[in-house]
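J.: Structure provided below as structure tokens; questions to follow.
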Amino acid sequence: MILKVVTSNPGKVEEFAEAFSGMGIDFEHIRIPYDEPQVSSLEEVVEAGIKELRNKGLSDFLIDDSGMFVDHLKGFPGVYSSYVQKTVGNDGVLRLMDGVPDRSAQFKCCIGCCVKGETVIVTGVCPGSILHEPRGEGGFGYDPIFSPDGERSFAEMPLSEKNGISHRGRAIGLLRKELGERGFI
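Per this note's numbering, the sequence shown runs over residues -17 to 167.
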């Protein structure tokens, strides 16, 4: 089986291929633009994307959306994480958290997969906290200011370790389980 990964990030294709290695699924990177509506949850974004891509005639594909949800900021930036990262970046988020004692946050990744006409939607969550300053050279986006264990940022972890505990890694694990239970792998 071949699943098309609809993304502008070719690194995600490699991540899926590695996670599903030896399971009879190959992944193909495609770029097809689709709208990401301004809604309140990642699941709603993914559901709308799946509907639009199906209406464009696409089949056997997957999409995903991720966000960082900060408790003190009532879940912000959440579904707006990409926009916030591009506009104010990590420094802007840290300014919003200046002097805030409750630094709890979580990363979420929602994956939507359409296989043989069926839709599977899963969400992986990685709890953690916002650091007081950026740390580490690895990763991207919010990785330097997010810590899953209170000790190291995602940017300080080897990629293999991060992938084992991250929101995306957890979502991929849930997707593997669901596809297996439905007999697709």
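Glycine included, C-beta positions come from ideal geometry on N, C-alpha and C. Keep in mind the model is a prediction, meaning the values are calculated, not measured.
Would you kindly report the start and end of the unbroken alpha helix (DSSP H) that includes A137?
T.: For A137, there is no enclosing alpha helix (DSSP H), as DSSP marks it with neither H nor E.
J.: Below 8 angstroms on the Cβ atoms is my guess for I147 versus P130; work out the distance and round it to an integer in Å.
T.: 6 angstroms
J.: For E34, collect the residues of the same chain with a Cβ closer than 8 angstroms to its Cβ; drop the 5 residues on either side in sequence, then sort them by chain order.
T.: Y16 and D17
J.: Would you please state the rounded distance, in angstroms, between the beta carbons of K(-14) and D42? I believe it to be under 8 angstroms.
T.: 6 angstroms
J.: Report the residue from Y62, H149 and K98 whose alpha carbon sits nearest the alpha carbon of C91.
T.: H149
J.: Which of helix, strand or coil does DSSP assign to P15?
T.: coil
J.: Which of helix, strand or coil does DSSP assign to K90?
T.: Annotated three-state conformation of K90 is strand, per DSSP.
J.: Does any residue of chain D have a CB that is nearer than 8 angstroms to the CB of G39?
T.: In the displayed structure, chain D is absent; only one protein chain is listed.
J.: Whose C-alpha, out of P59, F(-2) and Y65, is nearest the C-alpha of C95?
T.: F(-2)
J.: Between which two residues does the beta strand (DSSP E) carrying E119 extend?
T.: Where E119 is concerned, there is no enclosing beta strand (DSSP E), given that its DSSP letter is neither H nor E.
J.: Using the Cβ count rule (16 or more neighbours within 10 Å means buried), how would you classify I103?
T.: buried
J.: Reducing DSSP to helix, strand and coil, say where G60 ends up.
T.: helix
J.: Taking Q88 as the reference, which of V70, D80, P59 and V66 has the closest Cα?
T.: P59
J.: Excluding the five sequence neighbours on either side, which residues of its own chain have a C-beta within less than 6 angstroms of the C-beta of R152, listed in chain order?
T.: G106
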